[in-house]
Amino acid sequence: MRKIIYKNPIIAGIFLNMVYMFSGIYAIKYSMTPLLVVMAPILGGINRKIIDNGIDLNRKRKMIILISFVVAISCLLFYSRYIYKVRINEIINK
């Protein structure tokens, strides 16, 4: 497994960040926010390991992995804000 991750670091990094984003959306939708708190530092550590130990990584490829992580985090923040507003409107309109 490690060879696959370190041999294709960009694909592995983007895939892991997408899995985090979709599982985070699931966690926000079903109110399992402790899952997000636990997963974010773990994913950050995994991304750091991929960047440090990846084969044939230049600065541009490292930035792609980091940008995909930032995009995943920002999508989760926007989605959580949207869900918060929807739930507030449901409470007000009852």
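Going by this note's numbering, the final residue of the sequence shown carries number 94, and the count climbs one at a time with no gaps.
C-beta: ideal position from N, C-alpha, C; glycine also.
| Query | Result |
| --- | --- |
| Using C-beta distances below 6 Å, list every residue in its chain close to Leu66, excluding the 5 sequence neighbours before and after it, in chain order. | none |
| Got a sec? Which residues, its chain only, sit under 8 Å from Gly44 by beta carbon, not counting five neighbours each side? | Phe69 |
| Do you know offhand how far Asn58's Cα is from Gly13's? | 14 Å |
| Are three or more beta carbon pairs between the region 82-91 and the region 40-56 nearer than 8 Å? | no |
| Near Met21, what residues of its chain come up, given a Cβ to Cβ distance below 6 Å and the 5 sequence neighbours on each side ignored? | Ala72 and Cys75 |
| How many Å lie between Leu16 and Ile55 at the Cα? | 17 Å |
| Determine the direct distance from the alpha carbon of Arg87 to that of Tyr6, and round the result to whole angstroms. | 42 Å |
| Please report whether the beta-carbon of Lys49 lies at a distance below 8 Å from any beta-carbon of chain B. | Chain labels in this structure do not include chain B; a single protein chain is all it has. |
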